[in-house]
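Input: a single structure, listed below in structure tokens.
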Amino acid sequence: EVHFVSTIQEEIGLRGAEMVAYRLKPDIAVATDVTFAKQPMLPEEYIIKTGKGPAISKGPIYHWEVVELLERAAEESKTPYQLEPDFKGYGTDTWAIQVARGGVKTGLLSIPIRNMHSPVEVVNLKDIAWGGELLAKFIELL
């Protein structure tokens with residue numbers, strides 16, 4: 121059984137994700153979000169680029185099995201992707217989901233975006249399409 125959920129209040133406490141994860145009791149969850157893309161005036165550690173595919177996050181809160189399955193889905197579907205190191209893990213719905221009901225195997229797939237939280241956000245439409253292809257293959261592999 122697969123559920124697709126849109127949540128609210130991510131920016132002010134992850135309340136939507138927390139409630140949905142508690143109610144659905146998922147075995148696995150993949151949150152989708154955006155991530156900062158390389159652009160002028162950002163530090164060099166922002167290594168994710170637009171037009172190179174969605175980013176799969178790796179870090180302590182992302183379950184290794186989910187990360188490996190996301191990578192496998194990308195490779196099998198021949199979808200370009202980028203790896204994003206994430207050692208903080210907060211700021212996305214994954215933070216609330218991964219601790220729901222004793223723990224949920226969680227992953228994060230992000231679309232690179234420039235000018236985040238501004239009136240003029242910029243995204244490459246190919247990255248969005250590739251993200252959809254990757255998620256479809258991920259579900260197929262479950």
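Going by our numbering, the final residue of the sequence shown carries number 262, and the count climbs one at a time with no gaps.
Think of the CB as a built atom: it goes at the ideal place given N, C-alpha and C, for glycine as much as any other residue.
Sorting ILE233, ILE248 and GLU253 by C-alpha distance to the C-alpha of ILE167 places ILE233 at the top.
Per DSSP, THR226 is one residue of the beta strand (DSSP E) stretching across 225-233.
Pairwise C-beta distances place the region 163-182 in contact with the region 202-210, as three or more of them are shorter than 8 Å. For LYS257, the CB contacts under 8 Å within the same chain, skipping 5 residues up- and downstream, are ALA193, ALA194, GLU196, SER197 and THR199 in chain order.
For the options GLN159, PHE124 and GLY136, the alpha carbon positioned closest to that of VAL242 is the one of GLN159.
Using a Cβ distance threshold of 7 Å, VAL187 and LYS225 do not count as a contacting pair. Counting of Cβ neighbours within 10 angstroms places GLN202 among the buried residues, the total reaching 16 or more. In chain order, VAL140 place their CB closer than 6 Å to the CB of VAL125, counting only its own chain and leaving out the 5 sequence neighbours on each side. Taken through DSSP and simplified to helix, strand or coil, LYS178 comes out as strand. Taken through DSSP and simplified to helix, strand or coil, THR199 comes out as coil.
DSSP lists SER177 as the bridge partner or partners of GLU204. Closest by C-alpha distance to LEU229, out of LEU144, GLU164, ALA157 and LEU190, is LEU190. According to the DSSP assignment, ILE148 belongs to the beta strand (DSSP E) that extends over 148-156. In this structure, ALA149 places its C-beta atom within 7 Å of the C-beta atom of ILE217.
Contact between GLY173 and ASP247 holds: their C-beta atoms lie close to 6 Å from each other, under 8 Å.
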